[in-house]
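Below is one structure, written out as structure tokens; comments come after it.
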Amino acid sequence: MTNPLNFLGHLVLLFSFYMVNAQQKGDMAKDMNFKLLSGDLMPLVGFGTYQVRGDDLIKSVLDHALAAGYRLIDSAAVYGNEVSIGKALKELLPKHNLSINLQTTN
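This is how it looks when you write it as structure tokens:
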């Protein structure tokens, strides 16, 4: 049986080669996507919201992230900021096409 850490190491190495090739072509990681089984495209790199708190700060940070080109917002219930993120995105969404990743636990 293959060691999971060994597999993960190889996966990271392959991803690194992919990123170097993309960087040489002038592509930015935030502009790269992969195709989901549904056919939709999901950004390869997202903007994390861990430890970002406060309605005004969250709205400002997300507005800047979206303006910079991020189209995937990563959040989780344990971060405790989903309500503020939801409020901010409700105002900001008409301006941007966006994917949202919510982490859940069993």
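Positions -22 to -1, 1 to 84 (mature numbering (1 follows the signal peptide of the UniProt record, and there is no 0)) are the ones given, in order, by the sequence shown. Beta carbons are placed, not taken as given, at the ideal position from N, Cα and C, and that holds for glycine. Values in this document were obtained by computation on a predicted structure and should not be read as measured data.
Distance from the Cα of A66 is smallest, within the candidate group H42, G26, I36 and R31, for I36. When secondary structure is reduced to three states using DSSP, S16 falls in the coil class, being assigned neither helix nor strand. Counting along the chain, L50 sits inside the beta strand (DSSP E) bounded by residues L50 to A54. Taking a 10 Å sphere around the C-beta of P21, we find 16 or more other C-beta atoms and assign the residue as buried. Each of S38, K68, E69 and G26 was checked against the Cα of S53, and the nearest Cα belongs to G26.
In this structure, Y28 sits near Y57, with a CB-CB distance shorter than 7 angstroms. The beta carbon of V39 lies closer than 6 angstroms to those of V30 in the same chain, with the five residues before and after it left out.
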